[in-house]
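These protein sequence lines are chains G and U, in that order.
Its first residue numbered 411, the first sequence is counted upward by one per residue in this note's numbering.
Its first residue numbered 411, the second sequence is counted upward by one per residue in this note's numbering.
Beta carbons: idealized from backbone N, C-alpha and C, even for Gly.
The next block holds one structure in the form of structure tokens; read it before the comments.
There are 2 protein chains.
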Amino acid sequence: MKTRAADLPKLLESVEDQFVELWNNMGTLWGISPTMARIHGLLYISGSALSMDDIMARLAISRGNVSMNLSKLVEWGLVRRVHKKADRKEYYESLADVWEMFTLVANQRKRREIDPILTTLRRCRDELTPEAIGGQAMKEPARTRFQRVDDLLKLLTLLDSLSQRFFESHKGLREAVEMLTSED
Amino acid sequence: MKTRAADLPKLLESVEDQFVELWNNMGTLWGISPTMARIHGLLYISGSALSMDDIMARLAISRGNVSMNLSKLVEWGLVRRVHKKADRKEYYESLADVWEMFTLVANQRKRREIDPILTTLRRCRDELTPEAIGGQAMKEPARTRFQRVDDLLKLLTLLDSLSQRFFESHKGLREAVEMLTSED
DNA sequence: ATATACTTTCAATTGTTCCTGAAAGGAATA
DNA sequence: TATTCCTTTCAGGAACAATTGAAAGTATAT
């Protein structure tokens, strides 16, 4: 059942709304605040540069809120400012490349959040080695603690190397595709 | 500088505290509530079955809170109840296998959160195809919208297949290790 | 220099999520 | 059955996060 031409704007609006909502959920998953995600969703799906007023009107949120969240998006590198000649307003535009967006966020979160965790974990392990506590290290209860920390550290270190390779360029994605298509 | 035997309990306690705090941060990253993460951290690092009272005392949180969060942990499958004979109390014990814990959480979150997103995304795409809106599909502004949704869907579908393979068994991990060690 | 057009900041408000403690619920023992 | 010991539930409160709107800030045009 085809949509008549007159209904197209309504349909597009509805699809955009669905997408913005979806992107909001996606954002929650990545630890991104709802409004930030919605704004980015709107910029991404619309594919054009929008002004603060456009966004305020479309998403029904206040000027201050839009301003703050746009700055954060620019900081993350997901959105960039665009100046139009003969217009004092600033416009904002999303990155278009999805993979680039993913790696951008993944790399920053890894650096800010995962790396410190790994550092702490290593310190925990080092405090439980024979070098640190002598013969006690081999006996309970220290032995179990050490074992658990070490197990975790091994896995996280591995995942870390993997993600490093996977996220650092388009190459990682290509390798993954090959792995997926070769066997199976 | 080795620790004297008398200081060992203090040291262990400190390491455990650091670990619990670390696991709390890790949990935030996975969208798991702080207390739930801390309880699980304690159970994991201690490597033994603890009672509600043990946990309340060690983490200084209320009985109700411990109870609720333990149920959720059991629900997730990260913790299991243990009955000790001649004791009415219930004890709780964490899974020991780190990889198993990861896959458990990853699979459940995928099912609950990612799959619905993919469904919505497909619906968005389908509403923008030529089948749905005719010739308009090839012209702006519908064309861009379709393109963007389709790009995203392609990548997410790929990541989905990848993670499926990666997380469904120990095999995924082994493959990844091979990939990492073979070339580079 | 002043006015205009637009953006940023931030204190106050609102909204959300988390935690507590006490009461109700269950299950084992006497 | 009554008692004891332990767990769960949940309404209210505390802590935290997000949002607004108006004042201050900045830049361009006149």
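| Check | Outcome |
| --- | --- |
| Proximal residues of chain G, C-beta to C-beta of A597/U below 8 Å | No answer is possible for residue 597/U: the residues shown for chain U start at 411 and end at 594. |
| Whole-angstrom distance between T567/G and L531/G, CA atom to CA atom | 10 Å |
| Endpoints, beta strand (DSSP E) assigned at R490/U | V489 to H493 |
| Nearest neighbour of W509/U, chosen from E431/G, D561/G, D417/G and G451/G [CA to CA] | D561/G |
| Nearest-angstrom Cα separation, counted from P419/G out to S481/U | 48 Å |
| Opening and closing residue of the alpha helix (DSSP H) in which E423/U lies | L418 to L439 |
| Within chain U, partners of F577/G - CB distance below 9 Å | Ordered by position in chain U, no residue passes the 9 Å Cβ test against F577/G, which lies about 12 Å from the chain. |
| Residue span of the alpha helix (DSSP H) that contains E585/U, given as start and end | H580 to S592 |
| Cβ-Cβ distance between F577/U and A516/U below 8 Å | yes |
| Three-state class that DSSP yields for L598/U in the structure shown | No information on residue 598/U is available, as it lies outside the stretch 411 to 594 that chain U covers here. |
| Element boundaries [alpha helix (DSSP H), containing E510/G] | V508 to R519 |
| For N370/U, the nearest candidate out of S424/U, L422/U, I449/U and L421/U (CA to CA) | Residue 370/U falls outside the range modelled here, since chain U spans only 411 to 594, and no answer is possible. |
| Where the beta strand (DSSP E) through S504/U begins and ends | E500 to S504 |
| Check whether Y501/U and L469/U have beta carbons under 8 Å apart | no |
| Among L422/U, L488/U, D464/U and S424/U, nearest to I442/U - alpha-carbon criterion | L488/U |
| Listed by chain order, chain G residues near R491/U by CB distance under 9 Å | Within chain G, no residue comes near R491/U; the closest Cβ sits about 20 Å away, beyond 9 Å. |
| DSSP beta-bridge partners of S461/G | Y501/G |
| CA-to-CA distance, I455/G to R555/G, given in whole angstroms | 49 Å |
| Expected contact under 8 Å - CB spacing of K520/U and S579/U to nearest Å | At roughly 15 Å, the Cβ-Cβ gap does not stay under 8 Å, so K520/U and S579/U are not in contact. |
| Among A506/U, G474/U and S571/U, the one whose alpha carbon lies nearest that of L590/G | S571/U |
| Limits of the alpha helix (DSSP H) - the one that E537/G falls within | That residue, E537/G, is in no alpha helix (DSSP H); it is neither H nor E in DSSP. |
| Contact with chain G by I455/U, beta-carbon distance below 8 Å | yes |
| DSSP state of K549/G mapped onto helix, strand, coil | coil |
| C-beta contact flag for R439/U and E485/G at 8 Å | Before going further, note that residue 439/U is Leu rather than Arg in the sequence given. No, the pair does not count as a contact, with Cβ atoms beyond the cut-off. |
| Beta-carbon proximity list for M410/U, same chain, < 8 Å, skipping 5 on both sides | The structure shown does not extend to residue 410/U, since chain U is modelled only from 411 to 594, so the question has no answer here. |
| V425/U and L528/G closer than 8 Å at C-beta | no |
| Buried versus exposed, by CB contacts within 10 Å (16 or more), G545/U | exposed |
| For S456/U, the first and last residue of its enclosing alpha helix (DSSP H) | P444 to S456 |
| Short CB-CB distance (under 8 Å) between N517/U and chain G | no |
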